[in-house]
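I have placed the structure first, in the form of structure tokens, so that the comments after it can refer back to it.
Number of protein chains: 2
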Amino acid sequence: MSVLVVGSIALDTVKTPMEEHADLLGGSASYAAVAASFFTDVNMVGVVGDDFPQEHIAFYRERGINLDGLQIVPGKTFRWSGEYFWDLNTRETRSVALNVFEHFNPTLPSSYQETPIILLANIAPSLQSHVLDQARNPRFTIADTMDLWINIAKDDLLALLKRVDMLILNDSEARQLTGQTSLIKAGYEIRKLGPRFVAIKKGEHGCLLFGENAFFSCGAYPLEDIHDPTGAGDCFAGGLAGYLSSLNTDKICFQHLRQAVVYGSVIASYNVEKFSLERLRTLTRDDVAERFEAFHRMSQFELLG
Amino acid sequence: MSVLVVGSIALDTVKTPMEEHADLLGGSASYAAVAASFFTDVNMVGVVGDDFPQEHIAFYRERGINLDGLQIVPGKTFRWSGEYFWDLNTRETRSVALNVFEHFNPTLPSSYQETPIILLANIAPSLQSHVLDQARNPRFTIADTMDLWINIAKDDLLALLKRVDMLILNDSEARQLTGQTSLIKAGYEIRKLGPRFVAIKKGEHGCLLFGENAFFSCGAYPLEDIHDPTGAGDCFAGGLAGYLSSLNTDKICFQHLRQAVVYGSVIASYNVEKFSLERLRTLTRDDVAERFEAFHRMSQFELLG
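Those protein sequences? They're chains A and B, same order as listed. Just so it is clear: in the first sequence, position 246 is 245 by numbering that gives the first Met the number 0, and no numbers are missing. Just so it is clear: in the second sequence, position 70 is 69 by numbering that gives the first Met the number 0, and no numbers are missing.
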């Protein structure tokens, strides 16, 4: 099967306590689509300006990503600049220039309309809904979101939640959306808003997966050196959606999602080892398999003592 | 085999946003010894004043805990009072009255001196070392500690670390001890200070276990309602030590510790369901086995997709 990935495409400037790099390939769709491409065919939807470097288009192509849905329009590409603090767990946006992204109207080419798995990477929930309006009989739909939309577009987000199978968000966003301090309560409460499955990302503490009377806890890979956390959440969502797509099943169940969450964590853990998408350029399926096994080793214990 | 547990015995007053209770049975030795008693024979060392309620002594006895090392001396029992904030993750000490605990000199009765497993629950590291001085050929020694000792008795703590097989501490303490923000770096760095094994407790995020080229990540049980977090860390340590003791093995390895960490987490997760040690009064071995299986379910995934 194939997966549709819609989201932002950006040129990022990222500063950490150690390094600063400008004009990096970024955006939720870039990270998620490349992450998904390790598992399955990807149909990408996004917008860039006519200043968007050809080398990035070439990189998408190398990863086998279908770009029929990539709009290249006159003007400048979306630019984001952010700075991470000393522990790399918190960051501050330094500047945002929406540019051509301001009037992004995600449009599905007819070749995309029957894509069975849909990943609505982080963009405004109204745009995410607009993508669903154009999709025909998707089998499994996943939405990612962020604090901004909970703040300024909560009604749109709540409307979207009634239409998706799964929501991915981070711990502070789950607390913000529900008003619950307990992540366990928050996870189950978000399920009541619509999505059958909820994944709460906890950064260095891994993630939690909630289903109907089902719960899965996945640790984070024990990385000693993180260089750039940007896009980790998008890679998580992309790896997860890509793996689900590769299963070629009509019935995605909790057991599948356990593994999908681990594959998402694997891709995210590699991605933060270098700036931008640099680490994924050289990543292989063998690397993915190896770290999946490492995740297995670090979380397994015998049932009988 | 049996386990020696030394630590504090206290009468606690605990306030949460919901409730307040006074004169509760508490202290690191109380929690750890009762937790260990679900798995093995326990030899307890501690001190109380002549005001210590007889019912608490009776409770220790009901749990089969050997009290030959319990000193009952003229004066008042150690009293601690603390308040938890709205998220139950942070607390403030409201008052401490050391009373008879101020001059506690832990002494091992001859019947205790060859106890194979030793748990040095949270007390001053000099006292923990003093207990080791009296022990004969222990097979496995575990120390718990807290921020206070890193602040005021770091040299004593560093001296102790060279003598124990395992250190248990929480995430902020691991960062404080090593100056590392990464818990992964902190865990491996603490190993270089002496202990072959290190467990870093992360509260609602579970715990991390470090060994020689070995790493294990254990999630926290998905409790929706926590009533009193007091003693969770002590129960974790006690359950872990008790389980190791029950193995009756001379060679404790990483594989054993994975399970021990889960058993510790199981007891801790039950303990926080009620104030003080109330939940452990009615806990059964079947309950323990049931939640151990739940931990297994929530962390397992298939290696092959």
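In this text, a Cβ means the ideal position worked out from N, Cα and C, and glycines have one as well.
Rounded to whole angstroms, what's the CA-CA distance from residue i to residue j? Just pull it up for me.
i	j	result
B/Trp-85	B/Arg-93	16 Å
A/Thr-106	A/Val-130	7 Å
B/Val-5	A/Asp-22	59 Å
B/Gly-304	A/Ser-264	The pLDDT assigned to B/Gly-304 is 48, lower than 50, so where the model puts this residue is not dependable, and the model offers no usable value.
B/Leu-243	B/Leu-156	24 Å
A/Ala-288	A/Gly-218	17 Å
B/Val-271	B/Ile-225	6 Å
A/Phe-274	B/Leu-24	52 Å
B/His-204	B/Val-261	13 Å
B/Gln-112	B/Asp-227	34 Å
A/Ile-141	A/Ala-31	12 Å
A/Glu-188	A/Thr-177	7 Å
B/Met-0	B/Phe-77	30 Å
A/Glu-54	A/Phe-103	22 Å
B/Glu-223	A/Arg-278	38 Å
A/Thr-229	A/Leu-168	15 Å
A/Val-197	A/Arg-190	7 Å
B/Thr-39	B/Leu-126	24 Å
B/Phe-139	B/Phe-37	19 Å
B/Leu-118	B/Glu-61	21 Å
A/Asp-11	A/Leu-160	29 Å
A/Ser-181	A/Arg-174	8 Å
A/Val-299	B/Glu-301	The displayed chain sequence assigns Gln, not Val, to residue 299 of chain A. Whole-angstrom Cα-Cα distance: 10 Å.
Is DSSP giving residue i helix, strand or coil here?
i	result
B/Leu-23	strand
B/Phe-215	strand
A/Phe-235	helix
B/Thr-306	Residue 306 of chain B is absent from the structure shown; chain B starts at 0 and stops at 304.
A/Glu-82	strand
A/Thr-12	strand
B/Gly-304	With a pLDDT of 48 at B/Gly-304, under the threshold of 50, the modelled position of this residue cannot be trusted; read the value that follows with caution. Looking at B/Gly-304 - three-state DSSP - the assignment turns out to be coil, as it is neither helix nor strand.
B/Val-261	helix
B/Thr-177	helix
A/Thr-92	strand
B/Lys-250	coil
B/Lys-273	coil
A/Lys-201	coil
A/Ser-7	coil
A/Phe-209	strand
B/Phe-100	helix
Let me confirm a value: residue i is counted as buried when at least 16 other C-beta atoms fall within 10 Å, else exposed. Which label applies?
i	result
B/Pro-137	buried
A/Thr-144	buried
A/Met-17	exposed
B/Asp-49	exposed
A/Pro-115	buried
B/Leu-151	Strictly speaking, residue 151 of chain B in this sequence is Ile, with Leu absent from that position. The residue in question, B/Ile-151, is exposed, as its Cβ has fewer than 16 Cβ neighbours within 10 Å.
A/Gly-63	exposed
A/Asn-88	exposed
A/Val-95	exposed
B/Asn-212	exposed
B/Pro-124	buried
B/Gln-254	exposed
A/Cys-252	exposed
B/Glu-292	exposed
A/Asn-247	exposed
B/Glu-172	buried
B/Ser-7	buried
A/Thr-15	buried
A/Asp-170	buried
Can you check whether the CB of residue j is closer than 8 Å to the CB of residue i?
i	j	result
B/Ala-120	B/Ala-28	yes
A/Tyr-269	A/Asp-285	no
A/Gly-237	A/Val-33	yes
B/Lys-200	B/Gly-232	yes
B/Asp-164	B/Arg-195	yes
A/Asp-297	B/Phe-100	It should be pointed out that residue 297 of chain A corresponds to Met in this sequence rather than to Asp. Going by C-beta atoms, A/Met-297 is not nearer than 8 Å to B/Phe-100.
A/Leu-208	A/Arg-257	yes
A/Gly-68	A/Val-13	no
B/Ala-267	B/Phe-235	yes
B/Val-2	B/Val-46	no
B/Tyr-220	B/Arg-135	no
Could you check whether the Cβ of residue i sits closer than 8 Å to any Cβ belonging to chain C?
i	result
B/Lys-14	Going by chain labels, chain C is absent from the structure shown, which instead holds the protein chains A and B.
Mind checking whether the beta-carbon of residue i lies closer than 7 Å to any heavy atom of the ligand ZN?
i	result
B/Asp-86	Ligands displayed in this structure: none; no statement on the ligand ZN is therefore possible.
- Query: Which runs of the alpha helix (DSSP H) spanning at least 4 residues fall entirely within the stretch 116–172 of chain A, listed in chain order?
  - Reply: 124–133, 146–151, 153–160
- Task: Ignoring anything shorter than 4 residues or poking outside the stretch 13–77 of chain B, list the alpha helix (DSSP H) runs there in chain order.
- Result: Correct list: 27–35, 53–61.
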